[in-house]
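A.B. asks: In the working numbering, the protein residues as written are -16 to 406.
#1: Under 8 Å between the Cβ atoms of residue 282 and residue 311?
#2: Buried or exposed for residue 80, please, with buried defined as at least 16 other CB atoms from any protein chain shown within 10 angstroms of its CB.
#3: If we count the other Cβ atoms within 10 Å of its Cβ and call it buried at 16 or more, is residue 279 buried or exposed?
#4: At the level of alpha carbons, what is the spacing between residue 134 and residue 154?
#5: Thinking C-alpha only, which one of 253, 353, 249 is nearest residue 295?
#6: Taking the straight line between their C-alpha atoms, what separation do you get for residue 261 and residue 243?
#7: Is residue 191 helix, strand or coil by DSSP?
#8: For residue 258, which option in 201, 322, 200 has the closest C-alpha, if you only look at C-alpha atoms?
#9: Just to confirm my understanding: we take residue 31, look at its own chain, exclude 5 residues before and 5 after, and list those with CB closer than 6 Å. What are they?
#10: Given a threshold of 16 other Cβ atoms within 10 Å of its Cβ, counted over all protein chains shown, does residue 346 qualify as buried or as exposed?
#11: Which residues does DSSP list as the beta-bridge partners of residue 150?
#12: Rounded to whole angstroms, what is the Cα-Cα separation between residue 229 and residue 130?
#13: Which same chain residues, not among the five before or five after residue 361, have their C-beta less than 6 Å away from its C-beta?
#14: With residue 104 and residue 122 assumed to form a contact (beta carbons below 8 Å), what rounded beta-carbon distance in angstroms separates them?
#15: Does the distance from the CB of residue 28 to the CB of residue 65 come in under 8 Å?
#16: On the DSSP bridge list, what partners appear for residue 291?
#17: Quick one, are the C-beta atoms of residue -11 and residue 11 less than 8 Å apart?
#18: With a Cβ-Cβ cutoff of 8 Å, do residue 169 and residue 75 count as a contact?
#19: DSSP state of residue 101, grouped into three classes?
#20: Any idea what DSSP makes of residue 368, helix, strand or coil?
#21: Can you find a heavy atom of the ligand SAH that lies under 7 Å from the Cβ of residue 231?
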């Protein structure tokens, strides 16, 4: 048996394991991975990939599931790795060259080792032999959505219609280098709909006039609400984004904590700025948006079923029953949800117990939908997530209506002085 060890000496979590996943797909081999660490200060979301079984791993391992359809599984120690290699050939990624300990263990057990490393030539990545330097693969690149070019994905998508501007909360480096799943999933949905979109990155701590200038001409907003965000007060900035989308009737899809921020924005508008808080003490407060998940606090990970409310917008997207991937620490306060019912807030989906609010939507809004799960972690290039597709469809429709309204306005208004032009 053989261990094919692939070293990629790069600090970016989003690149970890990607070339190893490509090779595992090409050779139809399993990929096993050892524990790896990244600079938590530089890459706050370095470890936010969650598998269907509930393992929380380095974010770059999303590529294994996207490219091969196989779950990354749990991290292995050296002994587990050797036991697996005694039964079958395996591929092992690493951020560092192969350790002397691993090489010695493989030799002692009669396991062959193929040592490769990832090198970058201009904007392409390729594999070369760590000893001879011989190139062992063609160059692989990433598209505008950070996705790796593999096989048929090299074929261009024929896009039609006007380019849409979609705001994605979080800066470019965060989505490209630290947590790549959301940007990739957005690209999957755009491809499926043959839409041309421009991604506008919104730094989480933007507020006031700076936020207005950034969002004034966007067609839709994605609010991931990632667990760790940079900035002095990122929750205030993300809350401002949710409020802006609500007041300006711009389509908004909130994910995980993003859903909580949407509820907080509606609560502040309805109940007053001083009453609604995102996080507070564990004691139940009527105007507290989020409560710890469980007592003592727990974390909900992996795939879980949800049941959608009949006639809701979410049911139209997912059906009556669906499976969502979770990386959850907080639940929505049921008391606050009840108070906001009169403002048009509806619970669109509940958990298997029928108690937890898994999705919400706001009536009388083009698209104001939030989900507790992580639809980006279930997206594939050939199977985009229906929530993201529905969001982009609503974004396109709102853009069309705005264009029609502008044309009607400019044609119906007769200027008193014809030498003036409409702005």
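No residue lacks a Cβ here, since even glycine has one placed at the ideal position from N, Cα and C.
C.D. replies: On the basis of the supplied data:
#1: yes
#2: exposed
#3: exposed
#4: Below a pLDDT of 50, predicted positions are generally treated as unreliable, and residue 134, at 43, falls in that range; the measurement from the model is reported next regardless. The straight-line gap from Cα to Cα measures roughly 30 Å.
#5: 353
#6: 7 Å
#7: helix
#8: 322
#9: 42, 162
#10: exposed
#11: 183, 204
#12: 31 Å
#13: 308, 368
#14: 6 Å
#15: no
#16: 332
#17: no
#18: no
#19: strand
#20: coil
#21: Absence of the ligand SAH is noted for the structure shown, with no ligands found whatsoever.
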